[in-house]
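K.L.:
Quick note on numbering: the sequence shown equals residues -21 to -1, 1 to 786 in mature numbering (1 follows the signal peptide of the UniProt record, and there is no 0).
First the structure, which I've put down as structure tokens, then a few questions once you've had a look.
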Amino acid sequence: MHLRRLLIVALLRARPVVVLAARDVLDFIDPLIGTIQGGHVFPGASLPYSMAKAVADVDDEMQGGFASNDASITGFSHMHDSGTGGGASLGNFPLFPQIGCPGDDIRKCPFPKAQRAIKRMQGSVLARPGYFAVSLANLIRAEMTVANHTALYRFTFPTPGAETGQSFADKNPLAPTPPPYSPMILADLTDLSNSLSQGSISVDPASGRIMGNGTFSPSFGVGTYTLHFCADFAGARIRDTGIFNYDGPTNRSHNLQTHFGGEPSGAWVWFERPRSNQILARVGVSFMSAYQACRNAETEIQDFDLEGTRAVAENAWRQKLSVVSVDPTGVSVPLQRAFWSGFYRSLISPQDYTGENPLWQSNEPYFDSYYCIWDSHRTTHPFLTLVDPHAQALMVRSLIDVYRHLGKLPDCRMSLCKGLTQGGSNADNLLADSFLKGLRDGIDWETGYEAVVSDAEVQPYDWTVEGRGGLRSWKSLGYIPVDDDDYEGKGLNTRSVSRTIEYAYNDFCIAEMARDMGRRQDAEKYLKRSTNWINVFDSTSRSVLNLPGSPDSPSEAGLVDSGFQGFVQPRYTNGTFGFQDPALCSPLLDFTACYLNPSGHETYEGGAWLYTFYVPHDQATLIKTLGGPDTYVRRLQYFHDTPGLFYLGDEQSYLLVFLFHYAGRPGLSSQYTHRYIPSAFNDTLNGIPGNDDSGAMGSFQAMAMMGFFPVGGQDVYLIIPPFYREISITNPLSGRIATIRNHGFDSAYRNIYIQSAKLNGRPYTRSWLTHAFFVEGGLLELFLGPEESPYWGKNKADLPPSLSTGF
């Protein structure tokens, strides 16, 4: 689709271009990227933001349901989250097909997860947007696709003693001896984390319809949620039906209630030999009722047409992806796969649960699965504002509606439950980003502003799950002390440094909204509070690193003074500083010590090296504080270049790849981007450096390869050369096209430094853009070379804005 258009454009420009045969954009997407070693990506069948997400579930590294490891498959379930860093999420009511039961005795079929788990056939997985398929070791082929609230499965069973004369064992010597061919499919009252506390299930002996519900726990939050499902089958006559529990299966009862989480319980349907050796299963899900789950399924997928449903899903993805077009000339297929796959993953979550929220009645949209806004406000939501502003506006409206009914904006939310707060009140940043970039589309910005001010001024009792803790100290001392008693609420009294840093930026984002809404006094108030980050900067602290050395430089091993002085540090109520090793919580020193737990330290998922640089709103002051531009650049390079000190697998590190812009060295931002892409971001199964967190990794990669990075919460995009000769973004609201074109592009990426630029034909010396470029459209031309330019983006007037250089 895009390639045909680019071929025509290239011919009109009369420049020689080699273009491959036109390929579907979906051919460049591999949903399996990030499904191993902690990526936790959901690789199954999904629509953009859909509630239904179907995949095979495994028994190890199961956060995304499926993982590309050697784990066994325990079932096929209908709802999942993607990229979560917490525990396993959703995976409720899995189906599990079996060829038949040994001795044709239903009591000899395995029902519990541990007993029925089975290996997959190597090389059998096929994942594509809107579709997933895998073959089990017993030769059952499982395929699946989805509509918005409905999953559709097709199980193709092997024929023992097939007409070809090839035996079942010959087809797969690892497969167990086949039972008599009379398939059975069970539905299990469980989820991925075995969190069921109570549930019920029933099966209709005549139709085989299975309906049920269960109450479960969220993966990274508090409370419980109740989910309902409705499963129908087609393709074979029913032989028998029943239920199962810890006593095994029985056909004497067709209803079951359980209050024993973790124990096997569910229902089953036993079939005669199916026509065409296939049985289809359609499963609707709903948070409202089992009857609504049935209505969802009957409305969305009426005729069990897997191919037709898959085609609709694929077209939905093509439409969403079509807003971006690229000139692929000279770009390797692996890089193209990495780019489009990152784009794709950015649109999996948050998920649209509109009409499925039983907690309150509202005419507003409701989105869920924010894992977590601490992560996604940095890249995912700014990316959606570019490529799908209508969806982003619906999400903003949903967040504001959460505030209306629960009293606070969430920082993390999943499965209708409040999620844990990791740092600041980062929905403030998200709302500010959308407001500054002009999103309206039915958004009640007066209530939105009321919500962010509530975060800044009103401390909730339990700030573990919403708002900010320590506001009394924040307002009186200007920082969160390490010994803060915080008697006005409860929460983890850790992360005092990173919370101080994040609260400062939260307040800056509120100040931006206040300024543009004409609330001058509020703007001045929150601007002043946004400077509080400097109150935890200890100018005397140093960092001595225990370096491992290398074969080439063994002398570097041992304790080495980094040579840099001044880091953010924990501070006590009396004003004195404590000390936390700046390297703590990097791969060099106790990497996992700063997670969200009662014994955590004073920074979160990163150390003082990282958080010292994290002042997105006033890099100009930070640069002076750290000794000026040259020292700042040397320190930032040292952070990136010292093995084990910088970790790109957490989202707050993204900005640090591009901070060179603020010191007049945008070429170094491009240089380090090309270091991390493709070394850390690529098209392999392990192709992202950390868990994806609702597409945060994917959106970072997509925008970096498109040639810009958003400073989330500000109307600022930092410019580097795209990884393509040319990229274009069609604004879905205005219909206008913004194009970034490289002159001097080379496929070896030697010319990665901008020498000069033109915007709509006029010289452009700034190293940053505003959102107006993407709304109004235009042409940004970048003229590239193999060395840093001594001029472009270096003058003080061309640097990205900072609070101290003009608000």
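Yeah, the Cβ is synthetic: ideal placement off N, Cα and C, and Gly gets one too.
To the nearest angstrom, report how far apart Ile327 and Thr784 are at their CA atoms.
P.N.:
In the sequence shown, counting from the first residue as 1, residue 327 sits at position 348. In the sequence shown, counting from the first residue as 1, residue 784 sits at position 805. Approximately 39 Å, taken between the alpha carbons.
K.L.:
Assuming Thr359 contacts Val262 (C-beta within less than 8 Å), just tell me the rounded distance between them.
P.N.:
For the purposes of this step, residue 359 is taken as residue 380 along the sequence shown, with counting starting at 1. For the purposes of this step, residue 262 is taken as residue 283 along the sequence shown, with counting starting at 1. About 28 Å separates the two Cβ atoms, so there is no contact after all.
K.L.:
Quick one: residues in its chain with C-beta nearer than 8 Å to the C-beta of Gly178, no 5 flanking neighbours on either side, listed in chain order?
P.N.:
Along the sequence shown, read from residue 1 onward, the residue named residue 178 stands at position 199. Once the five neighbours on either side are set aside, the close Cβ partners of Gly178 are Leu168, Gly191, Asn192, Gly193, Thr194, Gln236, Thr237, Ser244.
K.L.:
Taking the C-alpha atoms as reference points, what is the distance between Val594 and Leu778?
P.N.:
Residue numbering aside, residue 594 sits at position 615 when the sequence shown is read from its first letter. Residue numbering aside, residue 778 sits at position 799 when the sequence shown is read from its first letter. Going from the Cα of Val594 to the Cα of Leu778 covers about 15 Å.
K.L.:
Suppose only complete runs of 4+ residues qualify. What are the alpha helix (DSSP H) ranges in the region 435 to 468, listed by chain order?
P.N.:
The qualifying runs are 450 to 455.
K.L.:
When you compare only the Cα positions, how much space is there between Ser404 and Thr600?
P.N.:
Residue mapping note: residue 404 aligns to position 425 of the sequence shown, counting from 1. Residue mapping note: residue 600 aligns to position 621 of the sequence shown, counting from 1. One C-alpha to the other measures close to 23 Å.
K.L.:
Taking the alpha helix (DSSP H) that Val310 belongs to, which residues open and close that run?
P.N.:
Sequence index remark: in the sequence shown, residue 310 carries index 331 (1-based). Neither: Val310 is in no alpha helix (DSSP H) and is coded neither H nor E.
K.L.:
Let me check understanding here. Comparing Cα to Cα, which of Gln101, Asp629, Ser649, Asp3 lies closest to Gly18?
P.N.:
Within the sequence shown, residue 18 is the residue found at index 39, counting from 1. Of the listed residues, the one whose Cα sits closest to Gly18 is Asp629.
K.L.:
Note down, one range per segment and in chain order, each alpha helix (DSSP H) of at least 4 residues found wholly within the region 735 to 772.
P.N.:
Listed in chain order, they are 751 to 755.
K.L.:
Looking at the unbroken alpha helix (DSSP H) that takes in Thr278, where does it start and where does it end?
P.N.:
Taking the sequence shown and counting its residues from 1, the one referred to as residue 278 is at position 299. Run containing Thr278: 269 to 279, per the alpha helix (DSSP H) assignment.
K.L.:
Taking the beta strand (DSSP E) that residue 871 belongs to, which residues open and close that run?
P.N.:
With the chain covering -21 to 786 only, the question about residue 871 has no answer from this structure.
K.L.:
In the DSSP assignment, find the unbroken beta strand (DSSP E) run with Val612 in it and report its ends.
P.N.:
In the sequence shown, the residue the question calls residue 612 occupies position 633. It is not in any beta strand (DSSP E) - Val612 instead sits in the alpha helix (DSSP H) that spans 608 to 620.
K.L.:
Does Phe134 come out as helix, strand or coil in the three-state DSSP assignment?
P.N.:
On the sequence shown, position 155 is the one that residue 134 refers to. Of the three classes helix, strand and coil, the one that applies to Phe134 here is strand, per DSSP.
K.L.:
Could you check what DSSP says for Asp423 in three-state terms: helix, strand or coil?
P.N.:
The sequence position of residue 423 within the sequence shown is 444, counting from 1. Here Asp423 sits in coil by DSSP.
K.L.:
Between which two residues does the alpha helix (DSSP H) harbouring Asn224 extend?
P.N.:
One-based indexing of the sequence shown puts residue 224 at position 245. Element bounds for Asn224: not the alpha helix (DSSP H) but the beta strand (DSSP E), 217 to 224.
K.L.:
Leaving aside the five residues before and after Val305 along the sequence, list all residues of the same chain whose C-beta is less than 6 Å from its C-beta, in chain order.
P.N.:
Your numbering for residue 305 matches position 326 in the sequence shown. Excluding sequence neighbours, Val305 sits near Tyr703, Ile706.
K.L.:
Considering only the alpha carbon of each residue, which of Pro561, Ser455, Asp597, Pro645 lies closest to Gly554?
P.N.:
Numbered from 1 along the sequence shown, position 575 holds the residue referred to as residue 554. Residue Ser455 is the option with its Cα nearest to Gly554.
K.L.:
Grab the span of the beta strand (DSSP E) containing Tyr166 for me, first residue to last.
P.N.:
Translated into the one-based positions of the sequence shown, residue 166 becomes position 187. Tyr is not the amino acid found at residue 166; the sequence shown has Ala there. First-last of the beta strand (DSSP E) with Ala166: 163 to 167.
K.L.:
Note down the Cα distance separating Asn774 from Tyr350, rounded to an integer number of angstroms.
P.N.:
Position 795 of the sequence shown, counted from the first residue, corresponds to residue 774. Position 371 of the sequence shown, counted from the first residue, corresponds to residue 350. Roughly 39 Å separates the two Cα atoms.
K.L.:
Kindly indicate which residue of Ser196, Asp495, Ser114 has the alpha-carbon position closest to the one of Gly240.
P.N.:
Stepping through the sequence shown from its first residue, residue 240 is reached at position 261. Nearest C-alpha to Gly240: Ser196.
K.L.:
So what does DSSP say about Arg521, is it helix, strand or coil?
P.N.:
Position 542 of the sequence shown, counted from the start, is the residue given in the question as residue 521. It is a strand residue.
K.L.:
Within a Cβ cutoff of 6 Å, which residues of the same chain sit near Ser518, ignoring the five residues on either side of it in sequence?
P.N.:
Taking the sequence shown and counting its residues from 1, one reaches residue 518 at position 539. Closer than 6 Å at Cβ, skipping near neighbours: Gly545.
K.L.:
Quick one: residues in its chain with C-beta nearer than 7 Å to the C-beta of Gly643, no 5 flanking neighbours on either side, listed in chain order?
P.N.:
Numbered from its first residue, the sequence shown carries residue 643 at position 664. So the list reads Pro608, Gly772, Lys773, Leu778, once near-sequence residues are dropped.
K.L.:
Which residue or residues does DSSP assign as beta-bridge partners of Thr358?
P.N.:
Reading the sequence shown from its first residue, position 379 is the one you call residue 358. Paired residue(s): none; Thr358 is not in a bridge.
K.L.:
What residue does the alpha helix (DSSP H) around Ala642 start on, and which one ends it?
P.N.:
Residue 642 sits at position 663 when you count from the first residue of the sequence shown. Unbroken run through Ala642: none, as it is neither H nor E.
K.L.:
Tyr382 and Asp462: beta carbons closer than 8 Å?
P.N.:
By 1-based counting over the sequence shown, the position of residue 382 is 403. By 1-based counting over the sequence shown, the position of residue 462 is 483. Not closer than 8 Å, so no.
K.L.:
Kindly indicate the opening and closing residues of the beta strand (DSSP E) around Thr122.
P.N.:
Reading the sequence shown from its first residue, position 143 is the one you call residue 122. Correcting the residue identity first, residue 122 is Glu in this sequence and not Thr. Residues 120 to 125.
K.L.:
Measuring CB atoms only, is the region 473 to 481 touching the region 573 to 585, in the sense that at least three cross pairs come out at less than 8 Å?
P.N.:
Contact between the region 473 to 481 and the region 573 to 585 is present, because at least three Cβ pairs lie under 8 Å.
K.L.:
Residues in its own chain within less than 7 Å of Tyr428 by CB, not counting five upstream and five downstream?
P.N.:
Taking the first residue of the sequence shown as 1, we reach residue 428 at position 449. Result list for Tyr428: Met492, Met496, in chain order.
K.L.:
If distances are taken between C-alpha atoms only, which option among Met163, Ala121, Arg107, Ala67 comes closest to Gly79?
P.N.:
Position 100 of the sequence shown, counting from 1, holds the residue named residue 79. Taking only the C-alpha atoms, the option nearest Gly79 is Met163.
K.L.:
If distances are taken between C-alpha atoms only, which option among Leu175, Glu122, Asn117, Ala185 comes closest to Pro159?
P.N.:
The residue labelled residue 159 in the question sits at position 180 within the sequence shown. If we check each option's Cα against that of Pro159, Asn117 comes out closest.
K.L.:
Does the beta-carbon distance from Leu285 to Arg99 come in below 8 Å?
P.N.:
Within the sequence shown, the letter at position 306 stands for residue 285. Within the sequence shown, the letter at position 120 stands for residue 99. Taking 8 Å as the Cβ cut-off, Leu285 and Arg99 do not qualify as a contacting pair.
K.L.:
Pull up the distance between the alpha-carbon of Arg316 and that of Asp9, whole angstroms please.
P.N.:
Here the question's residue 316 lines up with position 337 in the sequence shown. Here the question's residue 9 lines up with position 30 in the sequence shown. Roughly 7 Å between the two C-alpha positions.
K.L.:
Determine the burial state of Trp339: buried for a count of at least 16 other Cβ atoms within 10 Å of its Cβ, exposed for fewer.
P.N.:
In the sequence shown, residue 339 corresponds to position 360, counting from 1. Under this definition Trp339 is an exposed residue.
K.L.:
Let me check one thing: in DSSP terms, what residues is Asp36 bridge-paired to?
P.N.:
On the sequence shown, residue 36 is found 57 positions in, with the first residue counted as 1. Bridge partners of Asp36: Gly54.
K.L.:
I'd like to check one pair, Asp347 with Leu418: are the Cβ atoms closer than 8 Å?
P.N.:
Position 439 of the sequence shown, counting from 1, holds the residue named residue 418. Position 368 of the sequence shown, counting from 1, holds the residue named residue 347. Going by C-beta atoms, Leu418 is not nearer than 8 Å to Asp347.
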